[in-house]
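Read through the structure below, which is laid out as structure tokens, and then see the notes.
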Amino acid sequence: MELKLKDKHVRDLFWLIASPSPIKEYGVKGLPLLPSLIQNNWVTENTDFFIQLDADPSALHAFLKERTSTRLGIYAEFLLHYFFEHSPYIQLILHNYQVIENKQTIGEVDFVIEYKGNIMHIELAVKYYLDTQQNDLLEHWIGPSGNDNLYKKIERVVTHQLPLGSSPMFRKQTKIYATSYFWLRGVFFTNTTKEVSWKNPKANFGRFYTFNELPNEMIINSNHKVLQRPHWMMDTKVSIDTMDDRHSFELPDSMEEVQELINIHGALLVKCLETSNLFFIVSDEWTESYVSSTLPESIPD
48 MELKLKDKHV RDLFWLIASP SPIKEYGVKG LPLLPSLIQN NWVTENTDFF IQLDADPSAL
108 HAFLKERTST RLGIYAEFLL HYFFEHSPYI QLILHNYQVI ENKQTIGEVD FVIEYKGNIM
168 HIELAVKYYL DTQQNDLLEH WIGPSGNDNL YKKIERVVTH QLPLGSSPMF RKQTKIYATS
228 YFWLRGVFFT NTTKEVSWKN PKANFGRFYT FNELPNEMII NSNHKVLQRP HWMMDTKVSI
288 DTMDDRHSFE LPDSMEEVQE LINIHGALLV KCLETSNLFF IVSDEWTESY VSSTLPESIP
348 D
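Reading the sequence shown from the start, the letters are residues 48 to 348 in the numbering used here.
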């Protein structure tokens, strides 16, 4: 479903709720993703909520004003918090709940909600990964900063974050028995046509280019914008005149300026306003710099 929403933050919130996970359900063993059936229900049931919020987004703006952050994940968490708190179909029970054992915090639960009589524990992540080795192995999909990879993220979710919601200490503290799900959103990028086995067929994978691979017509096309964090969630079609300059800037029309930006930022996330496609530009040395160390190929049972 596509809604013609005008407000930047409402569009980001709708994208967070409506966009598909890059990984398909049951695509990675032992990783319980939020079922698409529940997600589809939330989109359909809350259509009026989004339309009304877009007509008067002042409450959402006030909510975010008290919770400013330049970190993409934190911004996404604020948006999801608002949705769970204000959707007429969902009850927010807990948010950022600390689980304590022997007077020490052993972890934090992102969200616990009730939906149609079901209690759900949800861990959120918005991720952008680039394919460095052109294969299925999760450790070869690297974050643009080089400090994160898909294997490490999923391993932590499966072995630490999700088990917190069913841990004896959490249940003792809250008297809550919840089903745990991973809410994964984001866009993954590759420079090959090879399909990976765990890809969600409903998700759009982007393209990334090293500096020397970058087609010249992209540089001279003024309809390309470089997105600034935390405003990377621009996946809906937006006309040029509605793009806020605080969230993006034009891709320079010279290779020298593009190279300088790469030197400063490491990687550039670019949006084509005509097609709504996203792509990354990285340095020519990027994939060589961030080849990960050898890791197990599968997630522990």
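Glycine included, every Cβ here is placed at the ideal spot set by N, Cα and C.
Quantities reported herein were computed from a predicted structural model and do not represent experimental measurements.
Going by other Cβ atoms of all chains shown within 10 Å of its Cβ, with 16 needed for buried, is Ala102 buried or exposed?
-> Looking up residue 102 in the sequence shown gives position 55. Counting Cβ neighbours within 10 Å, Ala102 comes out exposed, since fewer than 16 surround it.
Closest residue to His312 among Asp157, Phe217, Trp333 (Cα-Cα distance) | Along the sequence shown, one-based indexing puts residue 312 at 265. Selected option, being the one with the closest Cα: Trp333.
Taking the DSSP output, what are the residues bridged to Val156?
-> Along the sequence shown, one-based indexing puts residue 156 at 109. Partner(s): Tyr144.
Can you pull the DSSP bridge partners for Ser295?
-> Looking up residue 295 in the sequence shown gives position 248. Paired residue(s): Leu274.
Pairwise C-alpha distance: Glu113 and Leu63 = Within the sequence shown, the letter at position 16 stands for residue 63. Within the sequence shown, the letter at position 66 stands for residue 113. Cα-Cα distance, rounded: 20 Å.
Determine the closest residue to Asn324 out of Leu52, Met280, Leu185, His108, with distance taken between C-alpha atoms.
-> Counting from one through the sequence shown, the residue named residue 324 turns up at place 277. Selected option, being the one with the closest Cα: Met280.
Do you know offhand how far Leu107's Cα is from Phe131's?
-> If you number the sequence shown from 1, residue 107 lands on position 60. If you number the sequence shown from 1, residue 131 lands on position 84. Cα to Cα, the separation comes out at about 12 Å.
Under a three-way DSSP split, which group does Ile137 fall into?
-> The sequence position of residue 137 within the sequence shown is 90, counting from 1. Ile137: coil per DSSP, three-state reduction.
Taking contact to mean at least 3 C-beta pairs separated by less than 8 Å, is the segment 301-316 in contact with the segment 184-193?
-> yes
Any heavy atom of the ligand SAM within a distance shorter than 7 Å of the CB on Glu304?
-> The ligand SAM is absent from the structure shown, which contains no ligand whatsoever.
Ignore the nearest five residues each way along the sequence and tell me which others in Tyr162's own chain have a CB closer than 6 Å to its CB.
-> Numbered from its first residue, the sequence shown carries residue 162 at position 115. So the qualifying residues of the chain are Ile137.
Alpha helix (DSSP H) runs contained entirely in the segment 160-208, provided each spans 4 or more residues | 197-203
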